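*Asks:* Sharing a structure with you now.
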Amino acid sequence: ELELELAGGAGGAGGDAARTARLRDELRRRREAATARRDGAEAALREAVEGASRDELLSALELAHAALLVGDSSADGVGPRRGEGQGCRWMTREVLDAHVALAALAHAEDDEHDDRRRRAAMAQLCVRTESLGVD
């Protein structure tokens, strides 16, 4: 709505200079606040990917969503479209890297769980401790 007012679409052919300056300043403030949020979220994502902690990754992904580093082109008009009214999900490279790291952690946890399960099953078996022919 601020963009519409600034363009003169709401309230006349151009509005007065004071209103225009106020709207311009408000847009600039919002842009700078969003830039700071985005920069902070991107830094948190990079740190979380390097640290590879599940909690850090999830927290960084929440920040990324709040900083609008992820979206849907049908809802927000940003990113590619598949066809008329058919948007698709988009994300920044840092968000993608965080999702890949999270999936890798989940895969490693599954492998570790499977390994523990196999070791527990093997522990239940009777095993000869002496070689054949020694007893």
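Note that the sequence shown covers residues -5 to 129 in my numbering.
Built from N, CA and C at the ideal position, the CB exists for glycine as well.
Nothing here was measured: the structure is a model prediction, and the numbers come from that model.
1. Would you mind stating whether A61 and R31 have Cβ atoms separated by less than 7 Å?
2. Would you grab the beta carbon distance between L99 and R40 for me? Rounded to a whole angstrom, and I think it's under 8 Å.
3. On a Cα-Cα basis, can you pick out the residue from A28, A35, T29 and V43 that is closest to L57?
4. Label V121 either buried or exposed according to how many other C-beta atoms from any shown protein chain fall within 10 Å of its C-beta, with 16 as the threshold for buried.
5. Determine the DSSP secondary structure at G3, reduced to helix, strand or coil.
6. Is V94 buried or exposed, if buried means 16 or more other CB atoms sit within 10 Å of its CB?
7. Sort out for me which residues DSSP pairs M85 with in a bridge.
8. Taking only the alpha-carbon atoms, compute the straight-line gap between V64 and L90 and give it to the nearest angstrom.
9. State the Cα-Cα distance for the pair R87 and R24, rounded to the nearest angstrom.
10. How about A54 and A38: are their beta carbons less than 7 Å apart?
11. Whole angstroms are fine: how far does the CA of H101 sit from the CA of D33?
*Replies:* According to the structure shown:
1. Their beta carbons are under 7 Å apart, which means A61 touches R31 by this criterion.
2. Contact between L99 and R40 fails: their C-beta atoms lie close to 16 Å from each other, not under 8 Å.
3. Ranking A28, A35, T29 and V43 by Cα distance to L57 puts A35 first.
4. V121 is classed as exposed because its beta carbon has fewer than 16 other beta carbons within 10 Å across all chains shown.
5. Below a pLDDT of 50, predicted positions are generally treated as unreliable, and G3, at 48, falls in that range; no measurement from the model is reported.
6. Of the residues assessed, V94 falls on the exposed side of the cut-off, its CB having fewer than 16 other CB atoms within 10 angstroms.
7. Residue pairing for M85: DSSP places it in a beta bridge opposite V64.
8. For V64 and L90, the gap between their C-alpha atoms comes out near 9 Å.
9. Whole-angstrom Cα-Cα distance: 23 Å.
10. With respect to A38, A54 sits close: the two C-beta atoms are nearer than 7 Å.
11. Looking at the two C-alpha atoms, the distance is approximately 29 Å.
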